[in-house]
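**Student:** The sequence shown lines up with residues 59 to 570 when you count with the numbering used here.
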Amino acid sequence: MATRNLSEIERWFAEETFQSKRNGIVSASVYTSREEEEMLKDDTATLSSVKTVRLAGGEKCALIKLALKYLIEENIILQLTLNADAKLQSLEKIFVNDVLTKLDFPSLVDEKIECYHSLPLPLLKEIFNNEPFLINKPLWRLFLIDENMLIFHGNETIFDAFSMMNMQRAMQIAINRAKHDLINISENMEVIDTLFINRDYRNLKIPKSVYDSSKLFIPSIGKDILNSQTQFFFKKIYTEGIKKSIDILRGYQPTNHLQIHNLYNQYSDLCGNSVFGNISTDKYKRLKKFLYNEDISLKSFIATIVMMCLDVSKSSEQSDILFQFPYNLRKVSKSELDLLSFKNILVKCPVSYVTSKNFLDFDFYNGYDANNVRFPLEDPEFKEKLLDFNFEHISKLFETSIRARINAWNRCGLNDDDIKRMKMAASNTYLIDKVIEINDLVEESLEIPKESNYMLKDAFFVKSSNPHAFLTVSLTSTQMNGLNITLTYPEGYEMDEFILKFEDTIDLACGN
């Protein structure tokens, strides 16, 4: 049987997942066609009629099933599982019911309400709270909603944000291939129940993540992360927690075909609260022009806006807010999916940067009056000048810090301090405060080739709650609908005022 020990970071994600401290990440894509867009202009259109021209093409999901067969066959990462000994292991078989769930809205109106520039919140709660990853089962799954929305849910033991977006890209390729092949197959094609049979699963060579490289060595950690005690613990949390829960959940669900209305009113502390926002294509173009003129990246801009919108009135000016920026270590996007290959860049932003302290202490020497170097409080433009001053200093802090850490990776490779810190944090030899995480995925292009009959309407990325972040901001974009922003934070946080300020500030930057 082909198996592989987990690295420190992989083990870290696996333990937190099976301890119900996190439950994976989600990437989603929504497809449309010119024919569907024309049908939606008709007020008499029904969901059943619109579905006839959508991507998946029918209740039997023949196209999606065949595409999944191709996708799994071509990507070893999709053939892996975690066994009870906390090791990665190749699967012998993968059945349709292991990875594919189909959901349907009762009407077109319900779909429009729940999916307007967003993912259905009841479904997110279902995924993050009631769909745990199981021992000896695939570490991913696909939800198909109303024939045109594909939602992949991946275990963070093997998937990072960038590989989850790659999964959507790889699925596009598989769908195009399946669509071509189905044209040449007779209508009496057998129903697909088994997606994958591994004829050589005992000898399969399991790939390694970037953290398994022999070039990366950190002395003095001195911890055997896969000793017998750890393995016993891994089995214990599965058999006494996850397995009992899933047995109860699955006891009265003989199939994977659910109705969306069954998902309402289900609470999920791992889902937390997710707020979706959209910046239209025209506004997004204006925003990109603004960023170009300011010479800052989108991630730095969003982090700056977040920092300026936080209520820091009860925080000490000597304290810091810690921001985390996942950075893709893959030089180019590959068609083949791979294991974890990212690093987290941490940037501390002093609370004093969003108060008036630095502004009032700053010398604005006007060139001719040495006594008039401070900006007076009574000046009618004081608040506007203060915001400009703080924005410039915060954005410069983020931008220079991020560029420095990217240059460090380009210069040092696996000897990069960010990766070493991640490994030490996973080994409990280095602790960090809770972070605000910014996932910038706008450059992970998912656009469909021009020769396709379908268009990418929307793309989304969402993380489940985890012990290390109190706010996560995720950014995705499409040519058709512009920039999508997802804010995720744990239950119990009062964030209404922050969200309103965040929205207003971005509108101003877009030229409104």
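All residues carry an ideal CB built from backbone N, CA and C; glycine is no exception. Predicted model only: the values in this text are computed from it and were never measured.
1) Select from Ile241, Asp162 and Leu349 the residue whose C-alpha is nearest the C-alpha of Met207.
2) Reducing DSSP to helix, strand and coil, say where Gly100 ends up.
3) Alpha carbon to alpha carbon, how far is Tyr385 from Ser410? Give it in angstroms, no decimals.
4) I'd like to know if the region 335 to 349 and the region 435 to 455 are in contact, where contact means that at least 3 CB-CB pairs between them fall below 8 Å.
5) Who are the near neighbours of Gly335 in its chain, counting only those whose CB is closer than 6 Å to its CB and skipping five residues on each side?
6) Taking 8 Å as the cut-off, decide whether the C-beta atoms of Asp156 and Lys195 are in contact.
7) Smallest Cα separation from Lys263: which of Ile135, Leu124 and Gln537?
8) Spell out the partners DSSP gives Gly335 in its beta bridges.
9) List in chain order: all unbroken beta strand (DSSP E) runs of 3+ residues lying wholly within the region 444 to 523.
10) Does DSSP put Asn351 in a helix, in a strand, or in coil?
11) Compute the Euclidean distance between the alpha carbons of Met365 and Ala466, then round it to the nearest angstrom.
12) Does the region 93 to 103 come into contact with the region 529 to 545, if we say contact requires no fewer than three beta-carbon pairs (one atom in each stretch) closer than 8 Å?
13) Quick one: what's got a C-beta closer than 7 Å to Gly330's C-beta in the same chain, skipping five residues either side?
14) State buried or exposed for Glu205, treating a residue as buried only when at least 16 other CB atoms are found within 10 Å of its CB.
15) Cα separation between Arg257 and Glu131?
16) Would Leu138 and Leu197 qualify as a contact pair, given that the criterion is a beta-carbon distance under 8 Å?
17) Is the number of C-beta pairs between the region 354 to 363 and the region 168 to 175 that are closer than 8 Å three or more?
18) Could you check whether Arg463 and Ile379 sit closer than 8 Å to each other, using their CB atoms as the reference points?
19) Terminal residues of the continuous beta strand (DSSP E) containing Thr534?
20) Measuring straight from C-alpha to C-alpha, what distance separates Phe528 and Tyr269?
21) CB-CB under 6 Å to Lys127, same chain, minus the five flanking residues each way: which ones, in chain order?
22) Whole alpha helix (DSSP H) runs in the region 95 to 155 with 4 or more residues, listed along the chain?
23) Roughly how many whole angstroms lie between the Cα atoms of Leu472 and Ile233?
24) Do Ser271 and Ser578 come within 8 Å of each other at the CB atom, strictly closer than that value?
25) Out of Phe217, Lys341 and Met553, state which residue places its alpha-carbon closest to the alpha-carbon of Ser85.
26) Whole angstroms are fine: how far does the CA of Lys443 sit from the CA of Gly212?
27) Of all the options Leu146, Leu328 and Leu121, which has the alpha carbon lying nearest to the alpha carbon of Arg235?
28) With DSSP as the reference, identify every bridge partner of Leu158, one or two as the case may be.
29) According to DSSP, what are the bridge partners of Tyr385?
30) Taking the runs of the alpha helix (DSSP H) that are 4 residues or longer, which of them lie wholly in the region 61 to 96?
31) According to the Cβ coordinates, are Leu140 and Ala72 closer than 8 Å?
32) Give the straight-line distance between the Cα atoms of Val249 and Lys123, rounded to the nearest whole angstrom.
**Tutor:** In short:
1) The residue with the shortest Cα to Cα distance from Met207 is Asp162.
2) According to the sequence provided, residue 100 is Asp. The question's Gly does not apply to it. Here Asp100 sits in coil by DSSP.
3) Spanning the two alpha carbons is a distance of roughly 27 Å.
4) Result no; under three Cβ-Cβ pairs closer than 8 Å.
5) Taking Gly335 as the centre and dropping the five residues before and after it, the same chain places the C-beta of Ile543 closer than 6 Å to its C-beta, in chain order.
6) Between Asp156 and Lys195, the gap from beta carbon to beta carbon is short of 8 Å.
7) Residue Ile135 is the option with its Cα nearest to Lys263.
8) DSSP, once it has assigned bridges, lists Ile543 as partnering Gly335.
9) Segments of the beta strand (DSSP E) lying fully in the region 444 to 523: 493 to 498 and 513 to 521.
10) Correct three-state label for Asn351: helix.
11) Looking at the backbone, the Cα of Met365 and that of Ala466 are separated by about 25 Å.
12) A contact between stretches requires three or more CB pairs, one per stretch, nearer than 8 Å, and the region 93 to 103 fails this requirement with the region 529 to 545.
13) Cβ neighbours of Gly330 beyond the five flanking positions: Ser523, Thr546, Tyr547, Pro548 and Glu549.
14) With 16 or more other Cβ atoms within 10 Å, it is buried.
15) Computed Cα separation, rounded: 11 Å.
16) Contact flag set, yes.
17) Verdict: no, contact absent.
18) In this structure, Ile379 sits away from Arg463, with a CB-CB distance that is not shorter than 8 Å.
19) It spans Ala527 to Thr536 - the beta strand (DSSP E) in which Thr534 sits, taken as one unbroken run.
20) Straight-line Cα distance between these residues: approximately 26 Å.
21) Cβ neighbours of Lys127 beyond the five flanking positions: Leu253.
22) Counting whole runs of 4 or more residues, the region 95 to 155 contains the alpha helix (DSSP H) stretches 105 to 109 and 120 to 132.
23) Each residue's Cα considered, the two are about 36 Å apart.
24) The structure shown does not extend to residue 578, since the chain is modelled only from 59 through 570, so no value can be given for it.
25) Check the Cα spacing between Ser85 and each of Phe217, Lys341 and Met553: the tightest is with Phe217.
26) Near 45 Å, if we compare the C-alpha coordinates of Lys443 and Gly212.
27) Taking Arg235 as reference, the option from Leu146, Leu328 and Leu121 with the minimal CA-CA separation is Leu121.
28) DSSP, once it has assigned bridges, lists Leu200 as partnering Leu158.
29) For Tyr385, which the question treats as bridged, DSSP gives the partners Lys401.
30) Counting whole runs of 4 or more residues, the region 61 to 96 contains the alpha helix (DSSP H) stretches 66 to 76.
31) Yes, the pair counts as a contact, with Cβ atoms nearer than the cut-off.
32) Near 9 Å, if we compare the C-alpha coordinates of Lys123 and Val249.
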